[in-house]
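S.K.: Numbering (the working numbering), first residue to last: 10 to 729. Right, I'll just put the structure down here and ask away after.
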């Protein structure tokens, strides 16, 4: 990104009479070491009758020496320059290996060259006049001298910020520079006062430092900052002062104690000297007179490359939109039907070095921000739509599929879920986001309260269908699996923190195998089928808190009615398979029947569809099926499960969008009747043009949004 600016700095003196103007020295030309490219420069002096000689002082700064042969009533010096403000990384340099950490010594030959920049800033007047350094400066330096090994860059950043915090900024029009001790004791000063104070501190700490005067250019931001100052409201330039420190291998490095930042592309040095007096922008004198000073500093942008935050000007964007409309019209005229999606990604401005924002796909902070982003998208695009949280893509080497947040709404604008407050957010704060990861790692620990909430919701859902409450069945963890898990854990207690995944796994396994009856013989003397059956029954009976409640639910083959099959198993109860996935994905489906599953044909998304009814759950027919285990038993079910503080409702696979919407509507009714906010999870609806969907998913280092397809440039530009 490049922004080129024109800077004009004008200084005018008006005299009340023609006076003799003695020679002047002007230090207003960018110094040779300026990192900001200067593409053009001019110096205009009035009165026009004068002599100008360009020189370089002992420190290689450019000087314009002006001699005026005739008296004049005015003196005007105007500097104009063109600068290329390409972004500069202030830390883009190398440091010699031996100088990487604070406390290094300059080699003797280099120390001799830097002698003027290492000389302490002595006390000129007052109680300590003549002392090498004021006690206040020595005390401040000692307080910030590192006591342990530290990288010199980290040390300089901290010292620069310490000076910025210790000295308040003020515009001071008096000539000269305050003494460092006065600036420190008064805790206020101009930019040149803070710069001279930092020079004194750096030298006291053994580092070569010099005073710099120059131009500061600050451009207004394209967008406002979210969590800090946004900078000036308008483009701005003025004379400024800062400090440079000499680092072996890097050379002179700029530090701006007024802002607490290192010097960047907006810092254009004019003169760098051991002391402020030799860096004054203009020095000279006139004969006796009354003089009036006037000055101005202006900066104007004259070229800007397109960039992410400002890709086009208003007129350019209007032309792009006109072209897009012409392309759309041509495609429509020729019956070319195309849609376009997109996958914009988002990163965090906080915790940028954490694994979840660099290489890892998941993490608690990413879940927190993704949930907030999904909520904002839900409000903007589908306030009466549905948010479903489920498992998405499964990548090699990862224990479970990654999460996915889907936002769905009907293309006809009809509502799917009218009470958004009844859609719970399981990652609403950092603690819950972290807890969700622990639960997925070790699994939930069932509780009586959680089981009661799940049962109540599912029974209310069943009553909406007209199904007897006996069809709502508890599902338990398998104590045999938990015994195996417990035996694989280390001996002893996992620790005091019950929220860790290790502690959760221990509690979950221990609760499933703990038997209150001390007379139970886990090794019967006679191994028999009956003894094994009795032992299994005792273990099953000990698991008293269901993990979830299940309502078998399926659609009849002719799609005219809903069925709820009576599920029976050899163990006499529903025992979930091993794992930490939602209970809806761990149902013991192979334990229900011997019969083969019938072929399932997914509806053709390109086939013509009738308009969706206003309420897909109207006119429900329902039948409870008594199933023969030798035949196929329908294996789909709605599952309610509490994990942590949140109640989840698992949606089974459906063959048509109407079926899916009918289940969602009945769950919404049950949630409203019980006053329970729920999270919808499980299977999404089959692909259908009558439903629009966008998803929020995790990827390494980013959050990815898979936006809904658009069929015109106008739709695409509005969406993005």
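Glycine included, every Cβ here is placed at the ideal spot set by N, Cα and C.
Counting along the chain, where does the beta strand (DSSP E) carrying residue 351 start and finish?
M.R.: Within the chain shown, the letter at position 342 stands for residue 351. Run containing residue 351: 349–351, per the beta strand (DSSP E) assignment.
S.K.: Are the Cβ atoms of residue 664 and residue 643 separated by less than 8 Å?
M.R.: Taking the first residue of the chain shown as position 1, residue 664 is located at position 655. Taking the first residue of the chain shown as position 1, residue 643 is located at position 634. It is not a contact, given that the beta carbons lie outside the stated cut-off.
S.K.: With residue 572 as the anchor, note down where its beta strand (DSSP E) starts and where it stops.
M.R.: Here residue 572 refers to the residue found at position 563 when the chain shown is read from its first residue. Taken as a continuous stretch (DSSP letters only), the beta strand (DSSP E) holding residue 572 covers 571–574.
S.K.: In the DSSP assignment, find the beta strand (DSSP E) that holds residue 29 and state where it starts and stops.
M.R.: Within the chain shown, the letter at position 20 stands for residue 29. Note, residue 29: premise wrong, no beta strand (DSSP E); not H, not E.
S.K.: Check each candidate in 314, 327, 449, 702 and name the one with the smallest Cα separation from residue 390.
M.R.: Looking up residue 390 in the chain shown gives position 381. It is 702 whose Cα lies nearest to the Cα of residue 390.
S.K.: Going by C-alpha distance, which of 80, 203, 70 is nearest residue 32?
M.R.: By one-based count along the chain shown, residue 32 stands at place 23. Checked all of 80, 203, 70; the closest Cα to residue 32 is 80.
S.K.: Which same chain residues end up closer than 8 Å to residue 247 when comparing Cβ atoms and leaving out the 5 residues on each side of it in sequence?
M.R.: Counting from one through the chain shown, the residue named residue 247 turns up at place 238. Cβ neighbours of residue 247 beyond the five flanking positions: 224, 225, 306.
S.K.: Would you say the stretch 705–722 touches the stretch 432–441, given that touching needs at least three Cβ pairs under 8 Å?
M.R.: At 8 Å Cβ cutoff, the stretches do not touch.
S.K.: How would you call residue 22, buried or exposed, if buried means at least 16 neighbouring beta carbons within 10 angstroms?
M.R.: Counting from 1 along the chain shown, the entry for residue 22 is found at position 13. With 16 or more Cβ atoms within 10 Å of its Cβ, residue 22 is classed as buried.
S.K.: Would the stretch 404–416 count as touching the stretch 480–487 if we require 3 or more Cβ pairs under 8 Å?
M.R.: No, because fewer than three Cβ pairs between the stretch 404–416 and the stretch 480–487 fall closer than 8 Å, the two stretches do not touch.
S.K.: Using the Cα positions of residue 528 and residue 596, report the straight-line distance between them to the nearest angstrom.
M.R.: By 1-based counting over the chain shown, the position of residue 528 is 519. By 1-based counting over the chain shown, the position of residue 596 is 587. In this prediction, residue 528 has a pLDDT of 49, which is less than 50 and means its spatial position is unreliable; what the coordinates show is noted afterwards. Straight-line Cα distance between these residues: approximately 33 Å.
S.K.: Would you decide whether residue 292 is buried or exposed? Buried here means 16 or more other CB atoms lie within 10 Å of its CB.
M.R.: By one-based count along the chain shown, residue 292 stands at place 283. Exposed: under 16 other Cβ atoms inside 10 Å.
S.K.: Could you give the distance in angstroms between the alpha-carbon of residue 209 and the alpha-carbon of residue 130?
M.R.: Sequence index remark: in the chain shown, residue 209 carries index 200 (1-based). Sequence index remark: in the chain shown, residue 130 carries index 121 (1-based). Their Cα atoms are separated by approximately 5 Å.
S.K.: So for residue 585, helix, strand or coil by DSSP?
M.R.: Position 576 of the chain shown, counted from the first residue, corresponds to residue 585. It is coil, neither helix nor strand.
S.K.: Can at least three beta-carbon pairs, one atom from the stretch 296–310 and one from the stretch 46–54, be found at a separation below 8 Å?
M.R.: Cβ pair count under 8 Å is below three, so no.
S.K.: Taking 8 Å as the limit between beta carbons, can you name the residues of its chain near residue 3, skipping five residues before and five after?
M.R.: Given that the chain is displayed from residue 10 to residue 729, the structure contains no residue 3 and the question cannot be resolved.
S.K.: If you count every other CB in all the chains shown that lies within 10 Å of the CB of residue 330, and 16 or more means buried, which is it?
M.R.: Looking up residue 330 in the chain shown gives position 321. When all chains shown are included, residue 330 counts as exposed.
S.K.: How many Å lie between residue 287 and residue 70 at the Cα?
M.R.: On the chain shown, position 278 is the one that residue 287 refers to. On the chain shown, position 61 is the one that residue 70 refers to. Going from the Cα of residue 287 to the Cα of residue 70 covers about 10 Å.
S.K.: Just to confirm the assignment, what range does the beta strand (DSSP E) spanning residue 249 have?
M.R.: Numbered from its first residue, the chain shown carries residue 249 at position 240. Taken as a continuous stretch (DSSP letters only), the beta strand (DSSP E) holding residue 249 covers 245–256.
S.K.: Can at least three beta-carbon pairs, one atom from the stretch 453–466 and one from the stretch 649–658, be found at a separation below 8 Å?
M.R.: Because the criterion of three Cβ pairs below 8 Å is met, the stretch 453–466 and the stretch 649–658 touch.
S.K.: Are there 16 or more other CB atoms within 10 angstroms of the CB of residue 657, so buried, or fewer, so exposed?
M.R.: For the purposes of this step, residue 657 is taken as residue 648 along the chain shown, with counting starting at 1. By the neighbour-count rule (16 or more Cβ atoms within 10 Å), residue 657 is buried.
S.K.: Quick check on the DSSP output: the beta strand (DSSP E) that includes residue 715 runs from which residue to which?
M.R.: Here the question's residue 715 lines up with position 706 in the chain shown. That run of the beta strand (DSSP E) goes 711–719.
S.K.: From the DSSP output, read off the bridge partner residues of residue 667.
M.R.: Taking the chain shown and counting its residues from 1, the one referred to as residue 667 is at position 658. In DSSP, residue 667 forms no bridge with anything.
S.K.: Which word fits residue 531, buried or exposed, when buried means at least 16 other C-beta atoms lie within 10 angstroms of its C-beta?
M.R.: For this step, residue 531 is matched to residue 522 along the chain shown. Residue confidence for residue 531 is low, a pLDDT of 49 falling below 50, so the modelled location carries little weight and cannot support an answer.
S.K.: So, at 6 Å on beta carbons, what are the nonlocal neighbours of residue 526 in its own chain, with the 5 sequence-adjacent residues on each side left out?
M.R.: Within the chain shown, numbered from 1, the residue matching residue 526 stands at position 517. Bear in mind that the predicted position of residue 526 carries a pLDDT of just 48, short of 50, making it unreliable; the figure below should be weighed with that in mind. Within the same chain, residue 526 has no close Cβ partners at all.
S.K.: Once the 5 residues before and after residue 395 are set aside, which same chain residues still bring their CB inside 7 Å of it?
M.R.: On the chain shown, residue 395 is found 386 positions in, with the first residue counted as 1. So the list reads 417, 425, 426, 673, 689, once near-sequence residues are dropped.
S.K.: Among the candidates 579, 589, 616, whose CA atom is the shortest distance from the CA of residue 598?
M.R.: Taking the first residue of the chain shown as position 1, residue 598 is located at position 589. Nearest of 579, 589, 616 to residue 598, Cα basis: 579.
S.K.: Quick one: residues in its chain with C-beta nearer than 7 Å to the C-beta of residue 685, no 5 flanking neighbours on either side, listed in chain order?
M.R.: Counted from its first residue, the chain shown places residue 685 at position 676. These residues qualify, in order along the chain: 462, 466, 656.
S.K.: If you measure between the beta carbons of residue 105 and residue 352, is that distance less than 8 Å?
M.R.: Locating residue 105 in the chain shown gives position 96, counting from the first residue. Locating residue 352 in the chain shown gives position 343, counting from the first residue. Not a contact, by the Cβ cut-off of 8 Å.
S.K.: Taking the continuous beta strand (DSSP E) assigned at residue 60, which residues delimit it?
M.R.: Stepping through the chain shown from its first residue, residue 60 is reached at position 51. Per DSSP, residue 60 belongs to the beta strand (DSSP E) from 60–65.
S.K.: Within 10 angstroms of the Cβ of residue 149, are there 16 or more other Cβ atoms? Answer buried if so, exposed if not.
M.R.: Along the chain shown, one-based indexing puts residue 149 at 140. Flag for residue 149 reads buried.
S.K.: For the beta strand (DSSP E) that residue 414 lies in, which residues bound it at each end?
M.R.: Locating residue 414 in the chain shown gives position 405, where the first residue counts as 1. Note, residue 414: beta strand (DSSP E), 412–419.
S.K.: Helix or strand or just coil, what does DSSP make of residue 528?
M.R.: In the chain shown, counting from the first residue as 1, residue 528 sits at position 519. Residue placement at residue 528 cannot be trusted, given a pLDDT of 49 that sits under 50; the coordinates are not used to answer.
S.K.: Have a look at 659, 178, 211, 214 and flag the residue whose alpha-carbon is nearest the alpha-carbon of residue 197.
M.R.: Residue mapping note: residue 197 aligns to position 188 of the chain shown, counting from 1. Measuring from the Cα of residue 197, the nearest candidate turns out to be 178.
S.K.: Determine, using beta-carbon pairs with one atom in the stretch 172–191 and one in the stretch 264–273, whether at least three such pairs fall under 8 Å.
M.R.: Cβ pair count under 8 Å is three or more, so yes.
S.K.: Could you tell me which residues DSSP puts in a beta bridge with residue 50?
M.R.: Start at 1 with the first residue of the chain shown, and residue 50 comes out as number 41. Paired residues: 90.
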